[in-house]
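Asker: After the structure tokens below, expect a handful of questions from me.
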């Protein structure tokens, strides 16, 4: 039976890697439908992503690649399937709604297991789409207690590939983040690294900038400092107060987050040195 | 004889300002060819810029406006003429060259009095255009000494409307800046407030951003914190090292700086609260 | 009781219009919270949009403005209220979904009376939001018959301010269009006037362009030739076939259509000479 | 001695091409510093561009690649050197000036042999840079006569890699074009295919568009229909008449033309099916 796989390789760069990998594919009789590679010369790192198809034994392919490639090469053979994702949000619906509509139209390679929020405001929207909604209020709880409850809620969804913070407005602790390393995608409502922290639109208004933007990134232990996946900006002008900037910015936020999510679902992102290599 | 003036007014906002100003124009028999106003409701500030023409006495018009408008209204009647500007640069030619070419094509309402640089590298380019080039080397000099020499060079050009830092890579002291308040325009090679300070492209590379940009701003006493006039961004990706970002960024830098300069020359900028109101 | 109105005026340009209008507002004791004007010097046309508030008699205000302004001045006093809109779509959900989500979040000054489609595919999405869905299949019908049925469906919704063609993929006859002149907003999936007609993404692919775009416009009697309200573009490259362009284009389409709709709902558009003046 | 070459290959697609090519590079002991490939699945075409270095015999490498690759594979081994280019212009200086400044700053891998214009207006600008300026007036001449004189002028420059039409405003005949097939780069002042032909800004103004753009393309026998290399757009609004659009458009024109020229000089463009594959 014909199999279809994504092969993602990253390793130390050395001469002949493309030759060795493409030879292996050739020897296995694979069709290579798409091929992207990148060498970070400065850091001596090699990245490659191929979409291959054919009648072959994935384990044998992986083994052969391991033989050929440098020690510690990171080789992933991924069979496309809907990734299992959980969305988290607070009160705003634009990012969440955008993902729900795309999901409904089968645009996303994903199964949405559920939505977790610290408020109940978005329940009605989410349940329209027959998706479980879990409200975990933070009121009266310490951060650790609240996160423990969220972790509990997450565990009930079983295996999770990605957690998408679709305007989830509370800070996550390093403990929480480390449980889902490189698997939490956040949308920050500014073009990072400008305006880290709370209310970036207010900060942007106060600074008098002429562009605003949004940044989708993996979450790591430092607030708003994780690897950036996608960014975009729009022009603004002096007539806009920060609430108008916020409204205008929503369109950028949702497009940038959905773009980043799509890249993750399609295994098009490599992370290293707190940066991303994107084969879009 | 028909006169053509730009009228710029900013004052405390109150009811009826547009009425009072337009009545005054009407009473003086002026044609209003262009009219822009803006109310910053939050700060209670009113801004208006009109292009008027007619046979009238500007002093009388100003007096009448003063009678009508709130105390301390800032009223400027400006007769368009080429502004007297001095360019400052270090070694890179892209911003300087862009201004020289525009000037040569009569695109700018400006007379370029001269170019001051701390190196001699750009002399050959500048002198092609029959523009005086003054090299004030900083070598062996303390900052204060160097600036004293630059101030001296500037003084020899007589009255100066604007100093344009077209990639002048040295920091100016508060003393220097205060001598030309709101008259020094700088291009910073990042979308401020991201990447303040030295080598923003290197900073951008290290942070792994997906967009880079440029910011033209008036210089004030805090490095890279003056009122922003214009900004723009371009998308980049993981394949670019910081030198490639720098090359790509040059196009944004020169366009943004020339745009800001044009706005200044055409009296389209109001500055207040460390921000700008731009009537473009 | 304090009233809040939008005043839209367009008329032949002549000296003193701003004075006369602002005097009238002043005499009526109105607060002018926002004021935009534009003179098309070439065509001698004047446009003004003001947001005014105060305790006043709108009829008296209109009468006074009529006295002052040139004959045939078009004066509209509009009290903000949710506009009554009907959406039409075919099979694609991205534009429709975007409007539904914004509506749900109270971002739109609109009441969605219903959705009409020539297919049943979008029923499940629309009915989630408790909005009536009317399927008027075109199968086996001549164009005139089909449109007659749609007109009938429209009439059942009562008064309609705007019809939004959110990827409604059938051509409307001049008869239909003339029944809703300047009240039908369409999204065309190219940057008009490039790629008029069917499958613009296929046309764009065949032509080998490096940007694609979308155009929101009022519909008139000539296919894709009505007054343009909003446009935007995104970069593409040789790796994208036309289906990938189509997918990428959807984000531009929905943002551009929603932007145009918002402008219409907030009475920010003047139409003349097959063009628009937008006070955004 | 270490050689540095660009290897450009395009041929019918078949299984194993990357393997065969990378094997050949490996067998020759080459360092592959940059590698880009693209398969147009629809048309069964394969494209690859590699930057290789090593101590090797280019003829032997080419022969080996020919043995391995499909019949009629187009294999080019290009040793980087300044391309020999001629610029043509009419009266506007922005595109020409931009190229001159970049050339002066050694940004372009090119030797500018000279500038040909049908007017004398740009002579003073060009001669500042010590570049030969040839005025070939079209006055009193039939098109064929005029072109004959231009061809004569071109011949005096010897071998020419590219002719750059930097706002050369006269139409070239198919005879002229065929003498420099895929070697003439033009900047058209609209986002093609919108507004083909004369005065696109006037056309854009009349149509009431909200974006304008520019297109750099190879010239072929049909006016403005050659393969597109680069395009970009900027937003405009109703306040701009066509002369203002023209002024605003100049910045896009020059950036887009210089970008396209740079791609050509660095051998990053493949042309086929009246389209381009760009490895930027």
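Protein chains in written order, with this note's numbering: chain S, 1 to 280; chain B, 1 to 280; chain Z, 1 to 280; chain U, 1 to 280.
Beta carbons are placed, not taken as given, at the ideal position from N, Cα and C, and that holds for glycine.
Please read all numbers here as calculations on a predicted model, not as lab measurements.
Are residue 276 of chain S and residue 169 of chain S closer than 7 Å when you measure CB to CB?
Answerer: Numbered from its first residue, the first chain carries residue 276 of chain S at position 276. Numbered from its first residue, the first chain carries residue 169 of chain S at position 169. Their beta carbons are not under 7 Å apart, which means residue 276 of chain S does not touch residue 169 of chain S by this criterion.
Asker: Determine the chain Z residues that contact residue 261 of chain S at a beta-carbon separation under 7 Å, and present them in chain order.
Answerer: For the purposes of this step, residue 261 of chain S is taken as residue 261 along the first chain, with counting starting at 1. In chain order: nothing, as chain Z lies at least about 13 Å away.
Asker: Which whole-angstrom value is the C-beta distance of residue 205 of chain Z and residue 189 of chain Z, which I expect to be below 8 Å?
Answerer: By one-based count along the third chain, residue 205 of chain Z stands at place 205. By one-based count along the third chain, residue 189 of chain Z stands at place 189. With 8 Å as the limit, residue 205 of chain Z and residue 189 of chain Z do not qualify as a contact, their Cβ atoms being about 13 Å apart.
Asker: What residue from U:196, U:110, U:270 and U:210 has the CA that sits closest to residue 259 of chain Z's CA?
Answerer: Residue mapping note: residue 259 of chain Z aligns to position 259 of the third chain, counting from 1. Of U:196, U:110, U:270 and U:210, the residue nearest in Cα terms is U:210.
Asker: I'd like to know if residue 44 of chain S contacts chain Z, where contact means its C-beta is closer than 7 Å to some C-beta of that chain.
Answerer: Your numbering for residue 44 of chain S matches position 44 in the first chain. So no, residue 44 of chain S is outside the interface.
Asker: Using DSSP's beta-bridge definition, name the partner residues of residue 105 of chain Z.
Answerer: On the third chain, position 105 is the one that residue 105 of chain Z refers to. Its beta-bridge partners do not exist; DSSP assigns none.
Asker: Any idea if residue 187 of chain Z is buried or exposed, counting beta-carbon neighbours within 10 angstroms, 16 or more meaning buried?
Answerer: In the third chain, counting from the first residue as 1, residue 187 of chain Z sits at position 187. So residue 187 of chain Z ends up on the buried side.
Asker: Could you confirm whether any beta carbon from chain Z is found closer than 7 Å to the beta carbon of residue 4 of chain B?
Answerer: Taking the second chain and counting its residues from 1, one reaches residue 4 of chain B at position 4. By this cut-off, residue 4 of chain B is not an interface position.
Asker: For residue 216 of chain Z and residue 73 of chain Z, I'd like the C-alpha separation in whole angstroms.
Answerer: Taking the first residue of the third chain as 1, we reach residue 216 of chain Z at position 216. Taking the first residue of the third chain as 1, we reach residue 73 of chain Z at position 73. Whole-angstrom Cα-Cα distance: 28 Å.
Asker: As a quick exercise: from S:234, S:39 and S:116, pick the residue whose alpha carbon is nearest that of residue 251 of chain S.
Answerer: Against the first chain, residue 251 of chain S aligns to sequence position 251. Checking every option, the nearest Cα to that of residue 251 of chain S belongs to S:234.
Asker: For residue 159 of chain U, which residues from the same chain have a beta carbon less than 8 Å from its beta carbon, with the 5 sequence-adjacent residues on both sides left out?
Answerer: On the fourth chain, position 159 is the one that residue 159 of chain U refers to. Closer than 8 Å at the Cβ level, and outside the excluded window around residue 159 of chain U, lie 84.
Asker: Is residue 8 of chain S helix, strand or coil when you go by DSSP?
Answerer: Locating residue 8 of chain S in the first chain gives position 8, where the first residue counts as 1. Residue state, collapsed to three classes: strand.
Asker: Helix, strand or coil for residue 80 of chain U? Go by DSSP, reduced to three states.
Answerer: For this step, residue 80 of chain U is matched to residue 80 along the fourth chain. Here residue 80 of chain U sits in coil by DSSP.
Asker: Would you mind reading off the limits of the beta strand (DSSP E) that contains residue 233 of chain S?
Answerer: Here residue 233 of chain S corresponds to residue number 233 of the first chain, with the count starting at 1. Counting along the chain, the beta strand (DSSP E) containing residue 233 of chain S begins and ends at 228–235.
Asker: Please report the distance separating the alpha-carbon of residue 149 of chain U from that of residue 124 of chain B.
Answerer: Numbered from its first residue, the fourth chain carries residue 149 of chain U at position 149. Numbered from its first residue, the second chain carries residue 124 of chain B at position 124. Cα-Cα distance, rounded: 34 Å.
Asker: Any idea if residue 111 of chain U is buried or exposed, counting beta-carbon neighbours within 10 angstroms, 16 or more meaning buried?
Answerer: Position 111 of the fourth chain, counted from the first residue, corresponds to residue 111 of chain U. Classification of residue 111 of chain U: exposed, given that the 10 Å Cβ count is below 16.
Asker: Does the Cβ-Cβ distance between residue 77 of chain S and residue 7 of chain S come in under 7 Å?
Answerer: Here residue 77 of chain S refers to the residue found at position 77 of the first chain. Here residue 7 of chain S refers to the residue found at position 7 of the first chain. It is a contact, given that the beta carbons lie within the stated cut-off.
Asker: Within 8 Å, do at least three Cβ pairs link the segment 49–64 of chain Z to the segment 17–25 of chain Z?
Answerer: The segment 17–25 of chain Z vs the segment 49–64 of chain Z: in contact.
Asker: At the 7 Å Cβ level, is residue 162 of chain U part of the contact set with chain S, yes or no?
Answerer: Here residue 162 of chain U is taken as the residue at index 162 of the fourth chain, counted from 1. Not closer than 7 Å to any Cβ of chain S, the Cβ of residue 162 of chain U fails to qualify, so no.
Asker: Counting contacts by CB-CB distance shorter than 7 Å, is residue 18 of chain S in contact with chain U?
Answerer: The count along the first chain starts at 1 and reaches residue 18 of chain S at position 18. Chain U contact via Cβ: present.
Asker: Alpha carbon to alpha carbon, how far is residue 133 of chain Z from residue 128 of chain S?
Answerer: As a first step, residue 133 of chain Z must be located in the third chain, where it is residue number 133. As a first step, residue 128 of chain S must be located in the first chain, where it is residue number 128. Spanning the two alpha carbons is a distance of roughly 16 Å.
Asker: Less than 8 Å between the CB atoms is what I'm expecting for residue 182 of chain U and residue 218 of chain U, so what's the real figure, rounded?
Answerer: Taking the fourth chain and counting its residues from 1, one reaches residue 182 of chain U at position 182. Taking the fourth chain and counting its residues from 1, one reaches residue 218 of chain U at position 218. So it is a contact: roughly 5 Å between Cβ atoms.
Asker: Kindly indicate if chain Z contains any beta-carbon less than 7 Å away from that of residue 97 of chain S.
Answerer: Position 97 of the first chain holds residue 97 of chain S. Taking Cβ atoms only, chain Z reaches closer than 7 Å to residue 97 of chain S, which makes this a yes.
Asker: Determine the direct distance from the alpha carbon of residue 230 of chain S to that of residue 105 of chain S, and round the result to whole angstroms.
Answerer: Within the first chain, residue 105 of chain S is the residue found at index 105, counting from 1. Within the first chain, residue 230 of chain S is the residue found at index 230, counting from 1. Those two C-alpha atoms are separated by around 23 Å.
Asker: Please classify residue 25 of chain U: does DSSP put it in a helix, a strand, or coil?
Answerer: Walking along the fourth chain from the start, residue 25 of chain U turns up at place 25. Helix, per DSSP.
Asker: Mind checking residue 264 of chain Z: buried by the 16 CB within 10 Å criterion, or exposed?
Answerer: Along the third chain, read from residue 1 onward, the residue named residue 264 of chain Z stands at position 264. Flag for residue 264 of chain Z reads buried.
Asker: Anything in chain S within Cβ reach of residue 210 of chain B, meaning under 7 Å, just list it in chain order.
Answerer: Walking along the second chain from the start, residue 210 of chain B turns up at place 210. Correct list: 228, 230 and 231.
Asker: For residue 33 of chain Z, which of helix, strand or coil comes out of DSSP?
Answerer: For the purposes of this step, residue 33 of chain Z is identified with residue 33 of the third chain, where counting begins at 1. Residue 33 of chain Z: strand per DSSP, three-state reduction.
Asker: Going along chain S, which residues have a C-beta under 8 Å from residue 286 of chain Z?
Answerer: Because chain Z in this structure spans residues 1 to 280, residue 286 of chain Z falls outside the shown range and cannot be described.
Asker: Which whole-angstrom value is the C-beta distance of residue 45 of chain Z and residue 98 of chain Z, which I expect to be below 8 Å?
Answerer: Here residue 45 of chain Z is taken as the residue at index 45 of the third chain, counted from 1. Here residue 98 of chain Z is taken as the residue at index 98 of the third chain, counted from 1. Contact flag wrong, Cβ pair sits at about 34 Å.
Asker: Against residue 251 of chain B, what residues of chain U qualify as contacts under a CB-to-CB distance less than 7 Å, listed in chain order?
Answerer: The residue you call residue 251 of chain B lines up with position 251 of the second chain. Under the 7 Å cutoff, chain U gives 255.
Asker: According to the neighbour-count rule (16 or more other Cβ atoms, all chains shown, within 10 Å of its Cβ), is residue 213 of chain B buried or exposed?
Answerer: In the second chain, the residue the question calls residue 213 of chain B occupies position 213. Residue 213 of chain B is buried by the Cβ-count criterion.
Asker: DSSP state of residue 198 of chain Z, grouped into three classes?
Answerer: Start at 1 with the first residue of the third chain, and residue 198 of chain Z comes out as number 198. DSSP places residue 198 of chain Z in coil when its eight states are reduced to three.
Asker: Report the rounded CA-to-CA distance for residue 272 of chain U versus residue 243 of chain Z, giving the unit in angstroms.
Answerer: As a working mapping, residue 272 of chain U is identified with position 272 in the fourth chain. As a working mapping, residue 243 of chain Z is identified with position 243 in the third chain. Distance between the alpha carbons of residue 272 of chain U and residue 243 of chain Z is about 20 Å.
Asker: Locate the beta strand (DSSP E) running through residue 113 of chain S, then write down its first and last residues.
Answerer: As a position in the first chain, residue 113 of chain S is number 113, starting the count at 1. Counting along the chain, the beta strand (DSSP E) containing residue 113 of chain S begins and ends at 110–117.
Asker: Alpha carbon to alpha carbon, how far is residue 163 of chain Z from residue 143 of chain Z? Give it in angstroms, no decimals.
Answerer: Along the third chain, read from residue 1 onward, the residue named residue 143 of chain Z stands at position 143. Along the third chain, read from residue 1 onward, the residue named residue 163 of chain Z stands at position 163. Looking at the two C-alpha atoms, the distance is approximately 19 Å.
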